[in-house]
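Protein chains in written order, with numbering that gives the first Met the number 0: chain A, 0 to 290; chain B, 0 to 251; chain C, 0 to 561.
Here a beta-carbon is modelled for each residue, glycine too, at the ideal position from N, C-alpha and C.
Please read all numbers here as calculations on a predicted model, not as lab measurements.
Structure, as structure tokens:
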Amino acid sequence: MVSLVITVLFILIAVFAPVLTSFSGWGPVSPDNSAINPNIGNFPYGSFGGISLKHLLGVEPGTGFDLYARIVYGMRTSLIVGFVSAVVSTVVGVVVGLAAGYFGGWIDNLLCRIMDIVLGFPQLLFIIALSPVLSSALSTAHGGTSENLRLVILVINISAFAWAYTARLVRGQTLSLREREFVDASRIMGAGPGHILFKQLLPNLWAPIMISFALAVPTNITTEAALSYLGVGVVPPNPDLGSLLNAASEYFLTDPTYLFIPGILLLILVLALNLLGDGVRDALDPRSNRS
Amino acid sequence: MRLPEPRQPHRHRLNRPRWEPRPAGPSPTYVIPSTGHYPPAHSEREADQAPARTEHHMFRYLIRRLLSAAVIILVISAITFLIFFALPSNPALLACGKTCSAARLAQIKAGMGLDQSLATQYWEFLKGFFAGRTFGDASVKIQCNFPCLGISFKDDTPVFSTLMGRFPADLSLALGSAVIFLVVGVGLGVVAAVKKGSWIDKLAVTGALVGVSLQIYFVGLLLMYVFVDKWQILPTPGYVPITRTSASGSRG
Amino acid sequence: MMRRTRAAALLATATALVFSATACSSSGSGGSSSGGGSVVKGGTLTYLAPSDFDYTDPQRTYTTEGQSMDEELVRSLTGWQEPVDGSAPKLVGDLATNTGVASDGDTVWTFTLRPGIKYQDGTAVTSYDVKYGVERFFSSDITGGPGYAQEFLADTTGYTGPFQGKSLSSIVTPNASTISFHLNQPVADFNETTAMVGWSAVPKAHDTGANYSTGLWADGPYQIQSYQRGKELILVKNKYWSQATDPIRNQNVDEIDVKMGMDRSAIDQELEADGTSAQDSIQEWPLAGSDLTQIANDPALKSRYHVIKSPGISYLAQNMNTIKSLPEREAIEDAINKETARGAFGGQAYGDYATTMLAPGVDGHKDFSLYTSNPQGDIAAAKALMAQAGPAAVKTLSLAVENTTTQTNFADTVKASLAQIGITVNVVPVDQANYFAILDNTKNQYDLTWMDWIPDWPNASTVLPILFNGAQIKQLPQSNQDISYLNDPAVNAQIANIAKMTDINAANTAYGNLDEQILKDASVVPLFYMNFSELSGGNVQGLTPDPINAELNLAHVWLKNG
Chain A
0 MVSLVITVLF
10 ILIAVFAPVL
20 TSFSGWGPVS
30 PDNSAINPNI
40 GNFPYGSFGG
50 ISLKHLLGVE
60 PGTGFDLYAR
70 IVYGMRTSLI
80 VGFVSAVVST
90 VVGVVVGLAA
100 GYFGGWIDNL
110 LCRIMDIVLG
120 FPQLLFIIAL
130 SPVLSSALST
140 AHGGTSENLR
150 LVILVINISA
160 FAWAYTARLV
170 RGQTLSLRER
180 EFVDASRIMG
190 AGPGHILFKQ
200 LLPNLWAPIM
210 ISFALAVPTN
220 ITTEAALSYL
230 GVGVVPPNPD
240 LGSLLNAASE
250 YFLTDPTYLF
260 IPGILLLILV
270 LALNLLGDGV
280 RDALDPRSNR
290 S
Chain B
0 MRLPEPRQPH
10 RHRLNRPRWE
20 PRPAGPSPTY
30 VIPSTGHYPP
40 AHSEREADQA
50 PARTEHHMFR
60 YLIRRLLSAA
70 VIILVISAIT
80 FLIFFALPSN
90 PALLACGKTC
100 SAARLAQIKA
110 GMGLDQSLAT
120 QYWEFLKGFF
130 AGRTFGDASV
140 KIQCNFPCLG
150 ISFKDDTPVF
160 STLMGRFPAD
170 LSLALGSAVI
180 FLVVGVGLGV
190 VAAVKKGSWI
200 DKLAVTGALV
210 GVSLQIYFVG
220 LLLMYVFVDK
230 WQILPTPGYV
240 PITRTSASGS
250 RG
Chain C
0 MMRRTRAAAL
10 LATATALVFS
20 ATACSSSGSG
30 GSSSGGGSVV
40 KGGTLTYLAP
50 SDFDYTDPQR
60 TYTTEGQSMD
70 EELVRSLTGW
80 QEPVDGSAPK
90 LVGDLATNTG
100 VASDGDTVWT
110 FTLRPGIKYQ
120 DGTAVTSYDV
130 KYGVERFFSS
140 DITGGPGYAQ
150 EFLADTTGYT
160 GPFQGKSLSS
170 IVTPNASTIS
180 FHLNQPVADF
190 NETTAMVGWS
200 AVPKAHDTGA
210 NYSTGLWADG
220 PYQIQSYQRG
230 KELILVKNKY
240 WSQATDPIRN
250 QNVDEIDVKM
260 GMDRSAIDQE
270 LEADGTSAQD
280 SIQEWPLAGS
290 DLTQIANDPA
300 LKSRYHVIKS
310 PGISYLAQNM
320 NTIKSLPERE
330 AIEDAINKET
340 ARGAFGGQAY
350 GDYATTMLAP
360 GVDGHKDFSL
370 YTSNPQGDIA
380 AAKALMAQAG
390 PAAVKTLSLA
400 VENTTTQTNF
410 ADTVKASLAQ
420 IGITVNVVPV
430 DQANYFAILD
440 NTKNQYDLTW
450 MDWIPDWPNA
460 STVLPILFNG
470 AQIKQLPQSN
480 QDISYLNDPA
490 VNAQIANIAK
500 MTDINAANTA
510 YGNLDEQILK
520 DASVVPLFYM
530 NFSELSGGNV
540 QGLTPDPINA
550 ELNLAHVWLK
560 NG
């Protein structure tokens, strides 16, 4: 329950980011040059990373951006990427899993081999290698790749690997469901594969799909943060919790506040989503009922 | 509501591709003279040699799995190979230095074997893995023996020996964290399952969830900040200590 | 060596160093040893490196640290004498008796070797070995090194190195102590080219081709005892080296132990703390991030803190192919806030604000400022220029930087600067390891590109003709250095003119004027004349900042408690 409240709170923060930052007056990419000292590496004036009434969570060293605004907007990026890639990977995974489980035979064989390959791939290595290829393919003559396009690339990259988990799960469930009487019954009554797949099987797969979706969101947020941390995710100055952590890691001895605030917020966000995912599972899957 | 009888044929059909030998006749992996179990006639096999048959099928199953694993490794290596050639980096250009003339670039490309087709390069790589390769046109060539993964464009040392050089550190990390997560993870998991609903269960599950939710790079820095810089218990490491596995492992 | 992106080293935090301008020279070390007589011999100098050298093979190394380390192992034809008192470097003969004799209008350069120079096995160094060494530059195995041998030597077409027994006709060795180079063009400063370590002797009998980095046969004061790539390199004294033959180096410490693979901030912290293990240490890379704010308040550290003024320049290239409007380019020159930009790179310690492409340490430097000299920029002037550019101005520009925090922070400051004159900047972070290889390819053009350039020797001939020769763009499509794609016929003609000058002083003056002429096109925004800062351990003495290599010079190093 607490996890639900926290998750909703985070989502509200993300949705109302512009309103929340309008109070302080500093956007996520508007530098406050008066808050940093250019002679010593644009390091914020004052203690605790320049926390003041003007900058509630301090100032980003190096750029002079308001950390409060960056974190609020960063939450938005993390949640958008997490949710969108979870939706994409779940849809793809469900379609592939249904097809593999229902049709069987060579289709199943082929799809399973593809899943094996995707799951066997060193994902991070692959994405690191793929990101420049994709972005150079999508860049225009002027302006390179815009920040929003990079977000799309990121979603594609994450979903490209995440779907296989869902597909596996759905395939297994479909395999057992399709032998059930109600499927046989509708087949005898002359229903086509489309009807059986989407009207008979899919409604019964709802619970496992919801569970895998709920658990995919925090996993994807973690992946996204890790990719941004490694420099192949969100492009600066687009705010994002992972790239904030990446930047902060280089200042963690001189300005630990800069590291701790986004780090702890990311921890709380992912933890709440994980708890929520567990809650969804407990509610939908009676076998794993804990209490 | 379950009616076991009608379902039988379906289940059988499902299992058939995996467990039953193809009727088309013995495949190469099928002939195992040394075991002496191979049945001469179809009927005889069905009638008398049931134990031999399961053993036989097990073996066949293993071979199949191994073969498909090998194919998957092959596909993954081929795709990885392709990706690194699709990258906008060019090792020959990196090695050529600045103000690199076209002639010099072509010469270095040829020296690295990058002037050949991708398929040829991949074939050379596969062949070299087993047969070994030599590199360079100097008086002293660089020898790369089985299992040859090629040589580094950067420092001209065989990749395999570089990997082996890093291996002890990886192994110690993997073993160390495996011990921690097995002891803590399995222990807590068992206790949590036995004392379901107790405070220890809740604590273990919460701990596990927190562990899963932690960002390894964040925790690593946090631990370094606390242990190395604030308390000065540990010396400055060359790498960030990886301890998250112990936390995440307790989820089991 | 060139385009060494050690800029990234000075992470923004790095330089929370509030030192006064007078503290910039390494006063502590310079002063104490120049008194003379106090030099102590012996001890082991530890050299802390985050990673291995590119190569120690003298024909292959092309990084500042590789060149600098090789100078302890290998003697080149000429070299830079850098006195302990910190006075300006002076070109002298190293293997050669003098700085070479030019004839035929600077197209033939002849060097005579000093007698008595020996390898680590006691055999004498001959001119044949130097010829063989320079010929190695042409082999497909000997990659990575500078391309001057290919560029300058005559009759090199089709030559692929000495390993198949062929030799180069344009290098003439009439006897064991004389060597002449026949060039395909007049090169007035060729004797500065030969100060790079590749212009040195390699004994054929000990050449191990691509593996020569680990088996290097030394004729300098130190030789390789053991070398595990990526882990450790141990140098010990070459007992056949003699001080009498060497005007550049001393042989004070017994051993130099290069420890590789330590985290950069860990190295900084260890040197800062100056514990027993760090007292005899120096660092390879300039100070990185972490807790240097503490150093700022600690006057005790100032004697161990060295600022190396490199002849390098950090700049922003404006692509002439895509930003076609001159007023817009001029507006960008005026709009960039160099103060916050420098802050992103580390602040004051990163270097001085630049207004020219030739740094003050480079021969030919002329002091001028065509655009605003206010480091915060002049937005009013920039806005007026944008109005003048009108609809011809491109309002969305891409900016390529390395994918490091330092560089993306820098990109953010540029984005903020240009937003004030109505230009939207899309930042494109490019993989750091391949940054220059990617950007040098004419296929990968961006509107704005961050670049740096450290000349191979401090002469304008290694800066302007390389960075602004528009004729090169078509000739070297994959390794183009003219990142602003400036192809101004007047500039190209003047570059060709100066190359023909044999009077080096006249050439230098002409280069200074050419610098100003180039900046009138507003194809580059000169940002900073780069400095590098390093710490050394408490016992390390006799270090001099080497402005040629942009490294700490090890030639005179000694240890107090050695």
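Report the partner residues of residue i according to the DSSP bridge assignment.
i, result
"proline 43 of chain A", "A:Ile35"
"cysteine 143 of chain B", "B:Arg132"
"asparagine 530 of chain C", "C:Lys308"
"serine 225 of chain C", "C:Ile233"
"glycine 350 of chain C", "C:Met529"
"valine 424 of chain C", "C:Leu396"
"tyrosine 211 of chain C", "DSSP lists no partner for tyrosine 211 of chain C."
"isoleucine 150 of chain B", "B:Pro157"
"isoleucine 178 of chain C", "C:Phe110"
"glutamate 401 of chain C", "C:Val429"
Looking only at its own chain, which residues have a Cβ that is under 8 Å from the Cβ of residue i, when we skip the five neighbours before and after it?
i, result
"tyrosine 121 of chain B", "Ala77, Phe80"
"serine 280 of chain C", "Leu44, Thr45, Tyr46, Leu47, Glu269, Leu270, Ser535, Gly536, Val539"
Considering just the uninterrupted stretch of the beta strand (DSSP E) at residue i, what are its terminal residues?
i, result
"glutamine 282 of chain C", "280-282"
"lysine 236 of chain C", "231-236"
"isoleucine 170 of chain C", "170-174"
"methionine 0 of chain A", "Segment: none, methionine 0 of chain A is in no beta strand (DSSP E) and carries neither H nor E."
"valine 58 of chain A", "Segment: none, valine 58 of chain A is in no beta strand (DSSP E) and carries neither H nor E."
"aspartate 256 of chain C", "254-259"
"threonine 355 of chain C", "Run containing threonine 355 of chain C: none; DSSP gives neither H nor E here."
"glutamate 550 of chain C", "550-552"
"aspartate 545 of chain C", "543-545"
Identify the continuous alpha helix (DSSP H) that holds residue i and give its terminal residues.
i, result
"valine 87 of chain A", "66-102"
"valine 201 of chain C", "Careful: valine 201 of chain C lies outside any alpha helix (DSSP H) and carries neither H nor E."
"tyrosine 158 of chain C", "Segment: none, tyrosine 158 of chain C is in no alpha helix (DSSP H) and carries neither H nor E."
Taking 6 Å as the limit between beta carbons, can you name the residues of its chain near residue i, skipping five residues before and five after?
i, result
"alanine 358 of chain C", "Pro310, Ile312, Tyr528"
"tyrosine 100 of chain A", "Here residue 100 of chain A is glycine; the residue named in the question, tyrosine, does not match the sequence. Cβ within range, chain order: Arg170, Thr173, Leu174."
"leucine 274 of chain A", "Ser2"
"alanine 40 of chain C", "Sequence check: residue 40 of chain C is lysine here, not alanine. The residues are Asn251."
"asparagine 443 of chain C", "Ile437"
"valine 14 of chain A", "none"
"glycine 511 of chain C", "Gly363, Lys365"
Assuming residue i contacts residue j under a Cβ cut-off of 8 Å, what Cβ separation, rounded to an integer in Å, is found between them?
i, j, result
"methionine 319 of chain C", "serine 522 of chain C", "5 Å"
"isoleucine 267 of chain A", "leucine 66 of chain A", "Actually they do not touch by this definition, with Cβ atoms about 16 Å apart."
"alanine 85 of chain A", "valine 216 of chain A", "5 Å"
"histidine 205 of chain C", "threonine 106 of chain C", "So it is not a contact: roughly 33 Å between Cβ atoms."
"asparagine 41 of chain A", "alanine 343 of chain C", "6 Å"
Excluding the 5 residues preceding and the 5 following residue i in the sequence, name in chain order all residues of the same chain whose CB lies nearer than 7 Å to its CB.
i, result
"glutamine 419 of chain C", "Ala334, Ile378"
"valine 4 of chain A", "none"
"proline 32 of chain B", "Low confidence applies here, because proline 32 of chain B scores a pLDDT of 38, under 50, leaving its location unreliable and the question unanswered by this model."
"lysine 519 of chain C", "Leu369"
"lysine 382 of chain C", "Ile420"
"leucine 56 of chain A", "Ile50, Leu66, Tyr67, Ile70, Ile260"
"asparagine 468 of chain C", "Asp481, Asn491, Ile494"
> What runs of the alpha helix (DSSP H), each 4 residues or longer, lie entirely inside the region 92-136 of chain B?
Replying inline: List check, alpha helix (DSSP H) in window: 101-111, 117-130.
> Which residue spans inside the region 88-149 of chain C form an unbroken alpha helix (DSSP H) run of at least 4?
Replying inline: Within the region 88-149 of chain C, the alpha helix (DSSP H) runs of at least 4 residues that lie entirely inside it are, in chain order, 126-135.
>> At 4 residues or longer, what runs of the alpha helix (DSSP H) sit wholly inside the region 41-97 of chain C?
In response: Runs of the alpha helix (DSSP H) inside the region 41-97 of chain C: 63-69.
>> I'd like the ranges of any alpha helix (DSSP H) spanning at least 4 consecutive residues and lying wholly in the region 444-472 of chain C.
In response: Taking 4 residues as the shortest admissible run, the region 444-472 of chain C contains the following complete alpha helix (DSSP H) segments, listed from N- to C-terminal end: 463-466.
> Which runs of the alpha helix (DSSP H) fall wholly inside the region 165-236 of chain B and span at least 4 residues, in chain order?
Replying inline: As far as the region 165-236 of chain B is concerned, its whole alpha helix (DSSP H) runs of at least 4 residues are 186-193, 198-212, 215-222.
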